[in-house]
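Below is one structure, written out as structure tokens; the observations come after it.
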Amino acid sequence: MNETKPPASTDTTEILRLTTEIVAAYVSNNAIASTDLPSMIRTVHSTLADLDLGVNARDVDLTPAVPIKKSVTADYIVCLEDGKKLKMLKRYLRSQYGLTPEEYRARWNLPHDYPMVAPNYAAQRSKLAKQIGLGRVSTAPARSSRTRKK
């Protein structure tokens, strides 16, 4: 009996090609025992196959580093990703996790008005800005347009 296998799908072919490239690149730059090679190939292949199926870290139920209700205090905001205490969260999220505030809020099901800056720090910066005159409309009369000399 001659069993014919269905042709490999493009996705399977692509996964095999990527597996080959990744393993070859790793082996060419790192020493690895020949007995460990099959295990490495299986690991790389299964990881790529999982990624192809859409199985990734975002599908897993997320557990915040601290309870959401305790993440905002007067002096700092705790990052739900890793538990780090910060005064300003926006830049940290972008540099460490590549997240915008909107993506972060969506990821953790936070309200749209969830703060990205610690309340006391925001008040301190607001007070400083008012002291130096930011946000005020100028009280000086506007200059009249110049008349041209003829």
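In this note's numbering, the protein residues as written are 1035 to 1184. Built from N, CA and C at the ideal position, the CB exists for glycine as well.
- When the Cα atoms are used, residue 1122 and residue 1080 turn out to be separated by approximately 39 Å.
- Under the Cβ criterion (8 Å, minimum of three pairs), the stretch 1137–1152 counts as touching the stretch 1098–1117.
- Among the bridge pairs identified by DSSP, residue 1119 is matched with 1112.
- The way I'd put it, the stretch 1108–1128 doesn't touch the stretch 1069–1078; fewer than three beta-carbon pairs between them come closer than 8 Å.
- Per DSSP, residue 1161 is one residue of the alpha helix (DSSP H) stretching across 1153–1165.
- By the Cβ-count criterion, residue 1060 is exposed, with fewer than 16 other Cβ atoms from all chains shown falling within 10 Å of its own Cβ.
- Contact between residue 1134 and residue 1128 is confirmed by a C-beta separation of about 7 Å, below the 8 Å threshold.
- For residue 1106, DSSP records a beta bridge to 1111.
- A Cβ-Cβ separation of about 10 Å leaves residue 1046 out of contact with residue 1082 under the 8 Å criterion.
- With a beta-carbon spacing of about 6 Å, residue 1149 and residue 1106 fall inside the 8 Å limit used to define contacts.
- In this structure, the alpha-carbon of residue 1119 lies about 19 Å from that of residue 1136.
- Rounded to the nearest whole angstrom, the C-alpha separation of residue 1056 and residue 1050 is 10 Å.
- One alpha carbon belongs to residue 1065, the other to residue 1058, and they sit about 12 Å apart.
- Counting along the chain, residue 1098 sits inside no alpha helix (DSSP H), nor does DSSP assign it H or E at all.
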